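Working notes, structure below.
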Amino acid sequence: MSTSTNGNGVLSASRPTEVAKLDRVVIRFAGDSGDGMQLTGDRFTSEAAAFGNDLATLPNFPAEIRAPQGTIPGVSSFQVHFADYDILTPGDRPDVLVVMNPAALKANLRDVPGGGTIIVNTDEFTKRNLTKVGYDADPLEDDTLSAFQVHRVAMSTLTQGALEGTGLGKKDAERCKNMFALGLLSWMYHRPTEGTEAFLREKFAKKPDIAEANILAFRAGWNYGETTESFVTTYEVAPAKLDKGTYRQITGNTALAYGIVAAGQRAGLPVLLGTYPITPASDILHELSRHKNFGVITFQAEDEIAGIGAALGASYGGALGVTSTSGPGVALKSETIGLGVMLELPLVVIDVQRGGPSTGLPTKTEQADLLQAMFGRNSESPLPVIAPQSPGDCFAAAIEAVRIALKYRTPVMILSDGANANGSEPWLIPNVEDLPDLSVEFASEPNAADGSGEFWPYVRDPETLARAWAVPGTPGLEHRIGGLEKQDGKGNISYDPDNHDHMVRLRQAKIDGVDVPDLEVDDPSGEARVLALGWGSTFGPIGAAARRVRKQGMPIAQAHLRHLNPFPKNLGEVLARYDKVVVPEMNLGQLALLLRAKYLVDVHSYTKVAGLPFKAEELQHVFTDIIEGALTR
Numbered sequence: 052m053s054t055s056t057n058g059n060g061v062l063s064a065s066r067p068t069e070v071a072k073l074d075r076v077v078i079r080f081a082g083d084s085g086d087g088m089q090l091t092g093d094r095f096t097s098e099a100a101a102f103g104n105d106l107a108t109l110p111n112f113p114a115e116i117r118a119p120q121g122t123i124p125g126v127s128s129f130q131v132h133f134a135d136y137d138i139l140t141p142g143d144r145p146d147v148l149v150v151m152n153p154a155a156l157k158a159n160l161r162d163v164p165g166g167g168t169i170i171v172n173t174d175e176f177t178k179r180n181l182t183k184v185g186y187d188a189d190p191l192e193d194d195t196l197s198a199f200q201v202h203r204v205a206m207s208t209l210t211q212g213a214l215e216g217t218g219l220g221k222k223d224a225e226r227c228k229n230m231f232a233l234g235l236l237s238w239m240y241h242r243p244t245e246g247t248e249a250f251l252r253e254k255f256a257k258k259p260d261i262a263e264a265n266i267l268a269f270r271a272g273w274n275y276g277e278t279t280e281s282f283v284t285t286y287e288v289a290p291a292k293l294d295k296g297t298y299r300q301i302t303g304n305t306a307l308a309y310g311i312v313a314a315g316q317r318a319g320l321p322v323l324l325g326t327y328p329i330t331p332a333s334d335i336l337h338e339l340s341r342h343k344n345f346g347v348i349t350f351q352a353e354d355e356i357a358g359i360g361a362a363l364g365a366s367y368g369g370a371l372g373v374t375s376t377s378g379p380g381v382a383l384k385s386e387t388i389g390l391g392v393m394l395e396l397p398l399v400v401i402d403v404q405r406g407g408p409s410t411g412l413p414t415k416t417e418q419a420d421l422l423q424a425m426f427g428r429n430s431e432s433p434l435p436v437i438a439p440q441s442p443g444d445c446f447a448a449a450i451e452a453v454r455i456a457l458k459y460r461t462p463v464m465i466l467s468d469g470a471n472a473n474g475s476e477p478w479l480i481p482n483v484e485d486l487p488d489l490s491v492e493f494a495s496e497p498n499a500a501d502g503s504g505e506f507w508p509y510v511r512d513p514e515t516l517a518r519a520w521a522v523p524g525t526p527g528l529e530h531r532i533g534g535l536e537k538q539d540g541k542g543n544i545s546y547d548p549d550n551h552d553h554m555v556r557l558r559q560a561k562i563d564g565v566d567v568p569d570l571e572v573d574d575p576s577g578e579a580r581v582l583a584l585g586w587g588s589t590f591g592p593i594g595a596a597a598r599r600v601r602k603q604g605m606p607i608a609q610a611h612l613r614h615l616n617p618f619p620k621n622l623g624e625v626l627a628r629y630d631k632v633v634v635p636e637m638n639l640g641q642l643a644l645l646l647r648a649k650y651l652v653d654v655h656s657y658t659k660v661a662g663l664p665f666k667a668e669e670l671q672h673v674f675t676d677i678i679e680g681a682l683t684r
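No gaps in the numbering here: position 173 of the sequence shown is 224 in the numbering used here, and each next residue is one more.
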């Protein structure tokens, strides 16, 4: 016998239930875009993180501000995978699907495995709502769901009943049904509740009646689980054994913002983010705007071109210039990025990739901007390209991008994507003293090679080929720069053919010489003949699939590229070690194209452009088929 609070916060006895211990669970909350599924999933995730589980999340929401209510295009979902061991993905399929209406059921049912649990808000399964999404009959009444464990819960009715004495109208009371669902799932999985109640009081601090209504609905959902005969089992997922330290839940966009703040501090430079809001990168602007106390200035420009222009101007003035966008914005910024290449100034360009072309799929993930990052500027305009592999890794990727930009005086592009940007995971907060020293030495005296006492802006460091960086207005270091070709050293405008050839090759040599670590290969047995090579957010699905393949007794090696330009110096040697190299990408084979061109390796390209991440299950089958082919040669 256990105890709980009833809808009014009073402790009450509960019936005994069986407790099943699990090592992992995948839960998906799905409903209309106005049902608060993102908030519900985020709160469940926060409590799982506070409990100490390892976790990964996958929010999925429509691009429309308000799609027609109750329709499939308007369905919003949030999936969370939590476990007692280190996990790599948000999960392939939900073990538990919570649906708030027929549209959510129809949009998500195909992902639920046989025997999975479906919790249904029966109040929304009206004839009108069923017809709206193409159901001829109520799936709760026929054999549609016979393969699943179905729990019918009148969430709207129960929520309204719990809030009857609050004075809220029926419509406002019904809006709290997502907290009822959260309370029920919190009970099922023994999640802590104090954090959610504190969160709600803080979130609705200016509307305490709304805060208390949500808390009552949350408690009502918990109590429903305690008292109903429908649920005879609850589940426990123990905390994961993670490295010691202080953790917090973090999304990729927040991690990128924190990385920029930290890099500015370690460089001793003010930061200016010049940007224009665009999905899925806008949260970077929102987060950085909160950190003025760390010398961060955020400028929301009137368009993409103005945003990057301000960032590049800040770099010219001796600050760390940063701009954030998605693929369509990179296209607009391309001329100014090329100007940054010509000026040889540090600039960080964050591209949070989404489905395209054109406006495409603003809220869906893709990684099809690689060739644009590499070549999407006129003429020979090389720049380093870095791709984070997970939400937490976005922090380290931002630090690395700033390191390269400052050391080599060049624009650097970070290729994140929607899966990393909106997904979340536990992140070990680093010690500041462990972060690299990014301090910069500005030019302080004339440097002319002819002894004239002048300042020549294109005198280079012989090791890095980076040019001198002088803050405008420094006495004796007056100089001009612009978009026309420069004379080597002096920086004067030059149309000399030999000088142009020389400068083009110098800029390329500078990027080719960027110091990047060697590629590390995970090959536990040392007997693998197949290498799975990826980049960006495919790290999780590739890693999870490799684990499954190895459990089958098949050896496979895995490697993941953070540095896409320049490639690690040992990449060619790594590729040559294996009979087969398979490259999964959320595009039509862009990395595979680059590898074939540079290393003459006939890589096996496996591609997907569905706006969703790979499933570990599908990659497992791909790897198995390739390994079996390699082993029978």
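C-beta: ideal position from N, C-alpha, C; glycine also. Note that the structure is a prediction, hence the values are computed from the model and not measured.
Distance between Lys228 and Asn265, taken at the CA atoms: about 8 Å.
In the three-state DSSP reduction, Ile401 falls in the strand class (E or B).
Leaving aside the five residues that flank Ala500 on each side, the residues in its chain whose CB is nearer than 8 Å to its CB run, in chain order, Trp507, Val510 and Gly540. Only residues of its own chain outside the window of five on either side were considered, and among them Val322, Leu339, His342, Phe345 and Val347 have a CB closer than 8 Å to the CB of Val312, listed in chain order. Nearest Cα to Glu98 within the set Trp238, Asp162, Ala224 and Ile138: Trp238. For Pro462, the secondary structure class from DSSP, reduced to helix, strand or coil, is strand. When C-beta atoms of the segment 433-448 are compared with those of the segment 607-616, three or more pairs fall below 8 Å, so the two segments count as touching. DSSP places Phe269 outside any beta strand (DSSP E); the residue lies instead in the alpha helix (DSSP H), whose first and last residues are Pro259 to Thr278. Fewer than three pairs of CB atoms, one per stretch, sit closer than 8 Å, so the segment 636-648 makes no contact with the segment 558-565. Distance from the CA of Ala318 to the CA of Leu394, rounded to the nearest whole angstrom, comes to 20 Å.
Here the alpha carbons of Glu571 and Arg252 stand approximately 47 Å from one another. Counting along the chain, no alpha helix (DSSP H) covers Lys72; the unbroken beta strand (DSSP E) around it starts and ends at Glu69 to Leu73. In the structure shown, Val184 falls within a coil segment according to DSSP collapsed to helix, strand and coil.
Between the alpha carbons of Pro290 and Thr387 lies a distance of about 48 Å. With contacts defined as CB atoms closer than 9 Å, Ala560 and Leu582 fail to qualify as a contacting pair.
A straight-line Cα-Cα distance of about 14 Å links Ala271 and Thr217. Every unbroken stretch of the alpha helix (DSSP H) spanning 4 or more residues and falling wholly within the segment 540-596 is given here in chain order: 548-563. The Cβ atoms of Leu670 and Asn111 do not sit closer than 9 Å to each other. In this structure, Leu293 lies away from Asp74, with their beta-carbon atoms at least 9 Å apart. Within the DSSP secondary-structure output, Lys631 pairs in a beta bridge with Val581.
Val436 carries a strand assignment under DSSP once its states are collapsed to helix, strand and coil. Around Ala424, the same chain offers Asp402, Val436, Met464 and Leu466 as residues with beta carbons nearer than 7 Å, after the five sequence neighbours per side are excluded. One Cα belongs to Leu644, the other to Pro141, and the distance between them is close to 29 Å. Residue burial annotation: Val381 is buried, with at least 16 other C-beta atoms found within 10 angstroms of its C-beta.
Nearest C-alpha to Ile78 among Gln89, Glu69 and Thr330: Gln89. Look at Gln423 here: in three-state DSSP terms it is helix. Classified as buried, Pro592 has 16 or more neighbouring CB atoms from the shown chains inside 10 Å of its CB.
When C-alpha distances from Gly587 are compared across Ala419, Arg428, Gly502 and Asp569, the shortest belongs to Ala419. Going by beta carbons, Val288 and Val76 fall inside the 9 Å limit. Around the beta carbon of Lys649, a 10 Å sphere encloses fewer than 16 other beta carbons of the protein chains shown; the residue is thus reported as exposed. In this structure, the alpha-carbon of His202 lies about 37 Å from that of Phe674.
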